[in-house]
Every structure is written in structure tokens, then in C-alpha cells.
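Remember, our numbering sits 782 above the position in the sequence shown when you count from 1. See below for the structure under consideration.
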Amino acid sequence: ESDTLVALYSLSAATGSDNKNLRSAIRGYVSAVVEDEWPRLAMQERSPRTDAALNALLREVALPGTSKDFGIQRTMLDMVLRIRAAHEDRVVLSNDRTVVTKWLAVLLLALFTQIAIAVVHLEKPRPQFAALLIFTLAAVSVLGLLAVHEAPFEPPIFIPPGPIIDVLRQVPM
Numbered sequence: 783e784s785d786t787l788v789a790l791y792s793l794s795a796a797t798g799s800d801n802k803n804l805r806s807a808i809r810g811y812v813s814a815v816v817e818d819e820w821p822r823l824a825m826q827e828r829s830p831r832t833d834a835a836l837n838a839l840l841r842e843v844a845l846p847g848t849s850k851d852f853g854i855q856r857t858m859l860d861m862v863l864r865i866r867a868a869h870e871d872r873v874v875l876s877n878d879r880t881v882v883t884k885w886l887a888v889l890l891l892a893l894f895t896q897i898a899i900a901v902v903h904l905e906k907p908r909p910q911f912a913a914l915l916i917f918t919l920a921a922v923s924v925l926g927l928l929a930v931h932e933a934p935f936e937p938p939i940f941i942p943p944g945p946i947i948d949v950l951r952q953v954p955m
């Protein structure tokens, strides 16, 4: 998304159609993402401000006369549509929660595996304890890692908006 925003600005500047309104629209969108949308992603909410800024960017690129060449304007529109798709992917990812039944199925599988291990070693208590301990530690470790990474915009694993902040440094006012 950030690469496409920078490419949109660069294409606009390279064709001589660089204008303050487009730069303002790009910077407005990036500011809305960083200041408003990113904190809302942790609460699984959309940002009306970001949606409005993205629509303003689309309108700015779609204005007739923004570019002298129709092919360049079409390319710029395609870039804004890619930005919109990346934005929607981020919102969907923040709202995606694994269905409870999937977690229940995994936990039941782990429980049944523990029962199977216990039954196999029923007459040998020490190997039974060792096998159950090893399996339990492995299962808890893997399930814990999966659970931590389930929500990428919430603590303890938090994806920062670093690359998109860089756009503000690359696109002048």
C-alpha cells in the first residue's frame, strides 16, 4: 500500500501533472490511516475518516484534466484501486477471528491425543508421564503461538504502521 502511494505520487510528478491537491489527498489518506484507523484496528472498527480520505484520493485522481494522457490517468486510477484493495485487506484482517468451533476442534484433538498416549502407556507409569508431559508442552507451545498471532493489530504482537508513515516523508506538502 505504501509503495503504491509513493508510486502514485512519483508517476504524477514524472508526467508533469503533479499538483498540490493530489499531494494533499495522499498525505490526508496516510494521516487518517496512521492517526485514526490504526488505533481502531485493535478494536476491530472501521475508520470513517480513512474511508473519506480514500474516497477523496479517488475523486482527485478521477478528475478529468488531472493528467494530460488518458493512459497515465488510467494507470493512476488502477493504483488508487490497488490502494483501496490493500486498505480493505487490512480491515478484513483486523476483523478476522478464528471461529470458536475451529479452536474447540483443535483442543478436542489435543485431548483425544493425550488420552491415546495415556492408554498406550497404561501399564508403564513413568513412560506414560514422560510422553504426556512432552506432548502437552508441545501442544501448549504451538497453540499459544497460534493464539498470539491471531490478532495482528492487538497486543502482544502489534504490527506498527511504519511503512505507511514513511510516505509522509516522501510526499511533500
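Ideal placement from N, C-alpha and C gives every residue a C-beta, glycine not left out.
Where DSSP assigns a beta bridge to residue i, which residues make up the other side?
i, result
"Phe-935", "Phe-940"
State yes or no: is the C-beta of residue i within less than 8 Å of the C-beta of residue j?
i, j, result
"Leu-840", "Val-812", "no"
"Glu-932", "His-869", "no"
"Asp-860", "Thr-797", "no"
"Ala-789", "Phe-935", "no"
"Ile-939", "Val-930", "yes"
"Gln-952", "Ser-876", "no"
"Ala-900", "Leu-889", "no"
"Arg-872", "Thr-786", "no"
"Gln-910", "Leu-919", "no"
What whole-angstrom Cβ distance do residue i and residue j have, given they're in contact under 8 Å?
i, j, result
"Ala-957", "Arg-831", "Past the edges of the chain, shown from 783 to 955, lies residue 957, and the structure says nothing about it."
"Arg-866", "Leu-836", "6 Å"
"Arg-805", "Pro-943", "Actually they are not in contact, since the Cβ atoms of Arg-805 and Pro-943 sit about 20 Å apart, beyond 8 Å."
"Ala-887", "Ala-921", "Incorrect: roughly 14 Å between the Cβ atoms, too far for contact."
"Leu-793", "Thr-857", "7 Å"
"Leu-947", "Val-816", "As written in the sequence, residue 947 is Ile, which differs from the Leu given in the question. Between Val-816 and Ile-947 the Cβ distance is about 6 Å, and since that is below 8 Å, they are a contact."
Any Cβ of chain C within less than 8 Å of the Cβ of residue i?
i, result
"Leu-893", "No chain C appears in the structure shown, which is made up of a single protein chain."
Segments assigned alpha helix (DSSP H), at least 4 residues, entirely inside the segment 846-898: Complete alpha helix (DSSP H) runs here, min 4: 852-877.
Every unbroken alpha helix (DSSP H) within the segment 790-849, with a cutoff of 4 residues, ordered by chain: Secondary structure within the segment 790-849: the alpha helix (DSSP H) runs of 4 or more consecutive residues, fully enclosed, are 802-814, 820-823 and 830-844 (chain order).
Continuous beta strand (DSSP E) assignments of at least 3 residues falling wholly in the segment 895-920: Counting only runs that start and end inside the segment 895-920, there is no beta strand (DSSP E) element of at least 3 residues.
Any 3 or more C-beta pairs closer than 8 Å across the segment 883-902 and the segment 817-826: When Cβ pairs closer than 8 Å are counted between the two stretches, the segment 883-902 is seen not to touch the segment 817-826, the count staying below three.
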